[in-house]
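Residue numbers (the working numbering): 11 to 206. Only one structure is covered here, and it is reproduced in the block below.
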């Protein structure tokens, strides 16, 4: 199964998902080869709150991907996320945090972070986030948002993202019966497969 997440590195609700919600369950399922995880990284909080921390963090995450260390660095950034209102993802802080990932720091990574090498990627990723909202949410679908096998978890049911055992059970149910997930309409939380 494919789980596509929409996140902004400054978003505290994304941090909640990644640290105490379904994120660790998704990581385990990915490591076991049961799920493929994809990300669209937004940076809208910079415009909303001021600063450039989201853009810098997305650029640094893209640089980590080029070094084959995206997952590890992604985890470190959420583990050390500054307060949402604080523009704390500076170049210096991003490089300091990269020291916690074996093999990440080096001339190519450091230069990419300092020079915003992946600026075009950052802009394209934000645009993809905004486009994903469609006419119902023209600014973007909100973060975090999860799409599993092309089916978006409706905002009314986003609570499933923050209950690790429920999210793990949902992933198991989808893995066992992927066709049912695609055809499912959420009548209520208790009737949703994986949530009872």
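All residues carry an ideal CB built from backbone N, CA and C; glycine is no exception.
Asked                                                                                                                : Found
Would residue 129 and residue 168 be called neighbours here (beta carbons separated by less than 9 Å)?               : no
Nearest to residue 30 by CA position, among 71, 47, 18, 85, is which residue?                                        : 85
Using 8 Å as the Cβ pair cut-off and three pairs as the minimum, do the region 102-122 and the region 136-152 touch? : no
If you follow the beta strand (DSSP E) that residue 156 is in, where does it begin and where does it stop?           : 155-158
Do residue 73 and residue 118 have their C-beta atoms closer together than 9 Å?                                      : yes
Comparing C-alpha positions only, which one of 190, 181, 187, 152 sits nearest to residue 42?                        : 181
From which residue to which residue does the beta strand (DSSP E) around residue 46 run?                             : 46-51
According to DSSP, simplified to helix, strand and coil, what is residue 12?                                         : strand
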